[in-house]
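**Q** Each residue of the sequence shown is one higher than the one before, starting from 0 at the first, in numbering that gives the first Met the number 0.
Ideal Cβ placement from N, Cα and C applies to all residues, glycine included.
The structure displayed is predicted, hence computed values, not measured ones.
I'd like to ask you about the structure that follows.
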Amino acid sequence: MRLTTKILFILALTWLLQSCDFFKETDDRKAIARVNDTYLYEEDIQSLLKEGMSSQDSAVVVTNFINRWATEQLLVSGAKRNLTEAKQEAFNKLAMEYKNDLYSKAYLEAVVAKNIDTVVSIEEMEAYYNDNKQVFVLNEDLIKLRYINIDENRLDLKDVETKFKRFNETDKKELDSISIQFKSFSLKDSVWVKADQVV
Numbered sequence: 000m001r002l003t004t005k006i007l008f009i010l011a012l013t014w015l016l017q018s019c020d021f022f023k024e025t026d027d028r029k030a031i032a033r034v035n036d037t038y039l040y041e042e043d044i045q046s047l048l049k050e051g052m053s054s055q056d057s058a059v060v061v062t063n064f065i066n067r068w069a070t071e072q073l074l075v076s077g078a079k080r081n082l083t084e085a086k087q088e089a090f091n092k093l094a095m096e097y098k099n100d101l102y103s104k105a106y107l108e109a110v111v112a113k114n115i116d117t118v119v120s121i122e123e124m125e126a127y128y129n130d131n132k133q134v135f136v137l138n139e140d141l142i143k144l145r146y147i148n149i150d151e152n153r154l155d156l157k158d159v160e161t162k163f164k165r166f167n168e169t170d171k172k173e174l175d176s177i178s179i180q181f182k183s184f185s186l187k188d189s190v191w192v193k194a195d196q197v198v
């Protein structure tokens with residue numbers, strides 16, 4: 000009889016302690032909005048408030064954010080109630096895979112950034128080129144050119160032609176300044192162009 004009383008006493012004491020709020024962790028953060036069991040805390044909106052914002056602007060920004068947050072929470076809650084468990088499990092799996100991909104990618108980028116030697120000497124470049132010449136063979140003809148397509152009845156045609164052929168710094172600036180009058184043009188003769196693109 001005594002053993003039964005002790006067991007009942009221990010069970011009652013255990014139940015009492017488990018239901019007691021004294022042993023539960025407390026969250027000291029200040030909640031500013033709640034949807035079901037999900038809370039939005041003051042610290043979550045601190046980054047929205049910028050220095051120099053008026054109190055009216057701050058109120059509008061915070062109110063809009065809270066409304067968007069609450070709408071999102073309601074949609075998620077509704078989706079959890081209405082979607083099948085299989086669909087929810089598929090979404091959870093996708094989210095976990097995406098999270099793992101993000102972590103993996105960030106880790107690999109950090110490892111590569113830490114260990115990669117970005118300084119390449121001229122000798123290393125030449126050695127790589129000499130070892131891999133077949134990679135650098137062009138399969139098409141490239142040319143550098145400049146051209147101007149203008150009306151042949153233009154009054155200053157000879158002047159434009161002279162500047163185009165001479166093409167010193169002053170000529171470049173002058174041709175560039177009147178280039179809007181040309182039918183088409185390209186004055187950048189430092190750019191390689193595929194030969195079959197030139198008509």
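Assess, as a yes-or-no matter, whether the region 88 to 96 is touched by the region 57 to 72 under the definition of 3 or more beta carbon pairs within less than 8 Å.
**A** No: the two stretches stay apart, fewer than three of their Cβ pairs being nearer than 8 Å.
**Q** Return helix, strand or coil for residue 197, following the three-state DSSP convention.
**A** Residue 197: coil per DSSP, three-state reduction.
**Q** Label residue 162 either buried or exposed according to how many other C-beta atoms from any shown protein chain fall within 10 Å of its C-beta, with 16 as the threshold for buried.
**A** Result: buried.
**Q** Would you list, in sequence order, the uninterrupted alpha helix (DSSP H) runs of no fewer than 4 residues that lie entirely inside the region 74 to 116?
**A** For the region 74 to 116, whole alpha helix (DSSP H) runs of length 4 or above, ordered along the chain, are 84 to 114.
**Q** Take every Cβ of the region 145 to 156, pair it with every Cβ of the region 175 to 182, and state whether three or more of those distances are shorter than 8 Å.
**A** Taking 8 Å as the limit for Cβ pairs, the verdict is that the region 175 to 182 does touch the region 145 to 156.
**Q** Residue 192: beta carbon under 8 Å from a heavy atom of the ligand HEM?
**A** As presented, the structure is devoid of all ligands, the ligand HEM included, so that no description of it is given.
**Q** So residue 65 packs on residue 48, CB below 8 Å; how close in whole Å?
**A** Contact flag wrong, Cβ pair sits at about 13 Å.
**Q** If you follow the beta strand (DSSP E) that residue 39 is part of, which residue opens it and which one closes it?
**A** Taken as a continuous stretch (DSSP letters only), the beta strand (DSSP E) holding residue 39 covers 37 to 40.
**Q** Between which two residues does the beta strand (DSSP E) holding residue 33 run?
**A** Its beta strand (DSSP E) spans residues 30 to 34.
**Q** To the nearest angstrom, how far is the alpha carbon of residue 175 from that of residue 168?
**A** Going from the Cα of residue 175 to the Cα of residue 168 covers about 11 Å.
**Q** Whole angstroms are fine: how far does the CA of residue 102 sit from the CA of residue 120?
**A** The alpha-carbon atoms of residue 120 and residue 102 are separated by roughly 33 Å.
**Q** Helix, strand or coil: which one does DSSP assign to residue 147?
**A** Three-state result, residue 147: strand.
**Q** Please report how far the alpha carbon of residue 194 lies from the alpha carbon of residue 164, in whole angstroms.
**A** Each residue's Cα considered, the two are about 21 Å apart.
**Q** Just how far apart, CA to CA, sit residue 78 and residue 110?
**A** Computed Cα separation, rounded: 39 Å.
**Q** In whole angstroms, give me the CA-to-CA distance for residue 41 and residue 69.
**A** Whole-angstrom Cα-Cα distance: 14 Å.
**Q** With the cut-off set at 9 Å, would you say residue 144 and residue 197 are in Cβ contact?
**A** Yes. Within cutoff.
**Q** Just the C-alpha distance for residue 108 and residue 43, rounded to the nearest angstrom, thanks.
**A** The straight-line gap from Cα to Cα measures roughly 28 Å.
**Q** Among the candidates 157, 188, 153, whose CA atom is the shortest distance from the CA of residue 171?
**A** For residue 171, the nearest C-alpha among the options comes from 188.
**Q** Do you know how far the Cα of residue 135 is from the Cα of residue 91?
**A** Residue 91 and residue 135: Cα-Cα distance of roughly 47 Å.
**Q** Roughly how far, in whole angstroms, is the beta-carbon of residue 190 from the beta-carbon of residue 142, given that I think they are within contact range, below 8 Å?
**A** Contact doesn't hold; Cβ gap of about 10 Å is too wide.
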